[in-house]
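Enquirer: Under UniProt numbering, residues 1 to 364 are what the sequence shown spells out, in order.
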Amino acid sequence: MNEDTLLLTASLITFSTNLLYRASKMRMYQQKCSKSLKTNQSVLYLHLFYLTFLTLAQADGFREFDEDYGIVHVYSAAPQPEVADSPPPSPSTPDLEKQHQQPRNRKVTKNCSTDTAIIDKLLNGTGYNKYRIPGVDVAVEFWLQAITSISEITNDFEMDIYINEMWLDPSLNFEHLSPCKQNLSLSHQVLERLWTPNSCFINSKIAQIHNSPFRNIFLMLYPNGTIWVNYRVRVKGPCAMDLSNFPMDTQTCHLIYESFNYNNQEVRMRWNPLTENPVYAIGTILLPDFDLVKISSSLVVEPYPAGMWDELHVKMSFERRYVWYFMQAYVPTYLTIFISWVSFSLGPKAIPARTMLGSTLYWR
Numbered sequence: 001m002n003e004d005t006l007l008l009t010a011s012l013i014t015f016s017t018n019l020l021y022r023a024s025k026m027r028m029y030q031q032k033c034s035k036s037l038k039t040n041q042s043v044l045y046l047h048l049f050y051l052t053f054l055t056l057a058q059a060d061g062f063r064e065f066d067e068d069y070g071i072v073h074v075y076s077a078a079p080q081p082e083v084a085d086s087p088p089p090s091p092s093t094p095d096l097e098k099q100h101q102q103p104r105n106r107k108v109t110k111n112c113s114t115d116t117a118i119i120d121k122l123l124n125g126t127g128y129n130k131y132r133i134p135g136v137d138v139a140v141e142f143w144l145q146a147i148t149s150i151s152e153i154t155n156d157f158e159m160d161i162y163i164n165e166m167w168l169d170p171s172l173n174f175e176h177l178s179p180c181k182q183n184l185s186l187s188h189q190v191l192e193r194l195w196t197p198n199s200c201f202i203n204s205k206i207a208q209i210h211n212s213p214f215r216n217i218f219l220m221l222y223p224n225g226t227i228w229v230n231y232r233v234r235v236k237g238p239c240a241m242d243l244s245n246f247p248m249d250t251q252t253c254h255l256i257y258e259s260f261n262y263n264n265q266e267v268r269m270r271w272n273p274l275t276e277n278p279v280y281a282i283g284t285i286l287l288p289d290f291d292l293v294k295i296s297s298s299l300v301v302e303p304y305p306a307g308m309w310d311e312l313h314v315k316m317s318f319e320r321r322y323v324w325y326f327m328q329a330y331v332p333t334y335l336t337i338f339i340s341w342v343s344f345s346l347g348p349k350a351i352p353a354r355t356m357l358g359s360t361l362y363w364r
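1. Would you list the one or two residues that DSSP bridges to R193?
2. Between the beta-carbon of I202 and the beta-carbon of I133, is there less than 8 Å?
3. So if DSSP puts W271 in a beta bridge, which residue, or which two residues, is it bridged to?
4. Is N211 helix, strand or coil when you go by DSSP?
5. By Cβ distance below 7 Å, which residues in the same chain neighbour D310 in space, the five residues on each side in sequence not counted?
6. Can you confirm whether the segment 281-291 touches the segment 220-240 when touching is taken to mean that 3 or more C-beta pairs between the two stretches lie within less than 8 Å?
7. Between the C-alpha atoms of I119 and V293, what's the straight-line distance to the nearest angstrom?
8. DSSP state of S343, grouped into three classes?
9. Tell me the rounded alpha-carbon separation between I150 and V331.
10. Candidates M220, E158, L191: which alpha carbon is nearest S204's?
11. Report the rounded CA-to-CA distance for A306 versus L312, giving the unit in angstroms.
12. Tell me which same chain residues have a C-beta within less than 7 Å of the C-beta of G127, skipping the five on either side of it?
13. Below 6 Å CB to CB, which residues in the same chain sit around Y69 once its five sequence neighbours on both sides are set aside?
14. Measuring CA to CA, which of A240, N124, Y231 is closest to I161?
15. For the beta strand (DSSP E) holding residue 365, just list the boundary residues, first then last.
16. Assess, as a yes-or-no matter, whether the segment 312-328 is touched by the segment 234-254 under the definition of 3 or more beta carbon pairs within less than 8 Å.
17. Rounding to the nearest angstrom, what Cα-Cα distance links D156 and M241 in this structure?
18. Would you tell me roughly how many angstroms separate the C-alpha atoms of M166 and S296, rounded to the nearest one?
19. Where do the ends of the beta strand (DSSP E) carrying L292 lie?
20. Could you spell out the range, first to last residue, of the beta strand (DSSP E) harbouring L122?
21. Using CA atoms only, rank isn't needed, just tell me which of Y262, G237, E266, H254 is closest to V314.
22. Return the first residue and the last residue of the beta strand (DSSP E) that M241 is part of.
23. Please state whether DSSP places F65 in a helix, a strand or coil.
24. With a 10 Å radius around its C-beta and 16 neighbouring C-beta atoms as the bar for buried, classify A329 as buried or exposed.
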């Protein structure tokens, strides 16, 4: 016999011994669980055939499935190489768990400055003065969120709007401070420590920043010192109504936005030149009686005793939905008048019909 034949014979002997052991073990298990479980003999023979097939298919050994623990045991007749005892890992060996938690391609910046450190350095360590006018151009952009009402009685309208202002303040440049993040998103408390153009709607009745659940002010600082401020504001403004063409009228409402404290020699207010429409609606504006048909913006230089001010004008045109008024007012009125003339076509002797028709139209 050659070496392979001896190896196969030893494997078969080992398998036969293990097979007898497994059969006796399963018989004991069957007797133990006979009250609650009936073992099918065909399943047992199928299991034994499966083990025999695995043994014959693998010349170097066979596998056994332990039903008690759900573990596959592998028995091999081939000699196994000796494995030397590995020394304990050194302290410098990285932990596998830490390797899974930290990706290899992730770049970790060391010695970078946090947001708090940068703001503290800019506002406290460089002599920053919020009352010093940088002499800047302020780019403005409006996002119309919703127009909630237009009232013919009070001649005003109410809307929710996002006001975006952006300007460059060179004293807030932090590129040299090695920031951990490229842009700093800050809270509205920091805005109170910075210079702002103090802009407002000069023709509004009411204008207030939303507080739901906190003050809706977004502040972002860029490395070159550019400041981006976004306010979510509710505005109630005037809207002079001309009802001479009612119900097929078109109403125009105006808003005027400017810097309250600084003329155009100190602060120049401009519509955002990077966008084609600096004033646009977010989504569709829905109103019960009107359709928003046009939004236009313009820049007007207005003279005041203290100088020239840049005013940003917004004009919104609303067209009334007249179908409802025709169906509810005009058409019933025309029908009533038309029916009232039917009485003249009745004969003079049809007194009950003429009386009933006249009284019905009167009480209507």
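Even for Gly, the Cβ is constructed at its ideal location relative to N, Cα and C.
Expert: So, from the listed chains and residues:
1. Residue numbering aside, residue 193 sits at position 193 when the sequence shown is read from its first letter. DSSP lists no partner for R193.
2. Along the sequence shown, read from residue 1 onward, the residue named residue 202 stands at position 202. Along the sequence shown, read from residue 1 onward, the residue named residue 133 stands at position 133. No.
3. Against the sequence shown, residue 271 aligns to sequence position 271. For W271, which the question treats as bridged, DSSP gives the partners V140.
4. Looking up residue 211 in the sequence shown gives position 211. Strand, per DSSP.
5. Indexing the sequence shown from 1 puts residue 310 at position 310. Closer than 7 Å at the Cβ level, and outside the excluded window around D310, lie E258, N264, R268, M269, L299, V301.
6. Not touching, per the Cβ criterion.
7. For the purposes of this step, residue 119 is identified with residue 119 of the sequence shown, where counting begins at 1. For the purposes of this step, residue 293 is identified with residue 293 of the sequence shown, where counting begins at 1. Approximately 45 Å, taken between the alpha carbons.
8. Numbered from 1 along the sequence shown, position 343 holds the residue referred to as residue 343. Three-state DSSP puts S343 in a helix.
9. Position 150 of the sequence shown, counted from the first residue, corresponds to residue 150. Position 331 of the sequence shown, counted from the first residue, corresponds to residue 331. Cα to Cα, the separation comes out at about 25 Å.
10. As a working note, residue 204 is residue 204 in the sequence shown. Closest in alpha carbon position to S204, among M220, E158, L191, is E158.
11. As a first step, residue 306 must be located in the sequence shown, where it is residue number 306. As a first step, residue 312 must be located in the sequence shown, where it is residue number 312. In a straight line, the C-alpha of A306 is about 18 Å away from that of L312.
12. Locating residue 127 in the sequence shown gives position 127, counting from the first residue. Closer than 7 Å at the Cβ level, and outside the excluded window around G127, lies no residue.
13. Along the sequence shown, one-based indexing puts residue 69 at 69. Caution is warranted here: a pLDDT of 37 is assigned to Y69, below 50, making its placement in the model unreliable, and the coordinate value is therefore given only provisionally. Taken in chain order, the list of residues that qualify is empty.
14. Looking up residue 161 in the sequence shown gives position 161. Comparing Cα-Cα distances from I161 to each of A240, N124, Y231, the minimum goes to Y231.
15. Examination of residue 365 is not possible in this model, given that the chain is present from 1 through 364 alone.
16. With the rule of 3 Cβ pairs closer than 8 Å, the segment 234-254 counts as touching the segment 312-328.
17. Taking the first residue of the sequence shown as position 1, residue 156 is located at position 156. Taking the first residue of the sequence shown as position 1, residue 241 is located at position 241. Cα to Cα, the separation comes out at about 9 Å.
18. Here the question's residue 166 lines up with position 166 in the sequence shown. Here the question's residue 296 lines up with position 296 in the sequence shown. Rounded to whole angstroms, M166 to S296 spans 21 Å at the Cα level.
19. What you label residue 292 is simply residue 292 of the sequence shown in a count that begins at 1. L292 -> beta strand (DSSP E) spans 290-304.
20. The residue you call residue 122 lines up with position 122 of the sequence shown. Where L122 is concerned, there is no enclosing beta strand (DSSP E), although the alpha helix (DSSP H) it sits in stretches over 115-124.
21. As a first step, residue 314 must be located in the sequence shown, where it is residue number 314. Ranking Y262, G237, E266, H254 by Cα distance to V314 puts H254 first.
22. If you number the sequence shown from 1, residue 241 lands on position 241. Neither: M241 is in no beta strand (DSSP E) and is coded neither H nor E.
23. Taking the first residue of the sequence shown as position 1, residue 65 is located at position 65. Its pLDDT being 44, under 50, F65 is placed unreliably in this model, and the coordinates cannot settle the point.
24. To locate residue 329, count along the sequence shown from 1; it is residue 329. With fewer than 16 other Cβ atoms within 10 Å, it is exposed.
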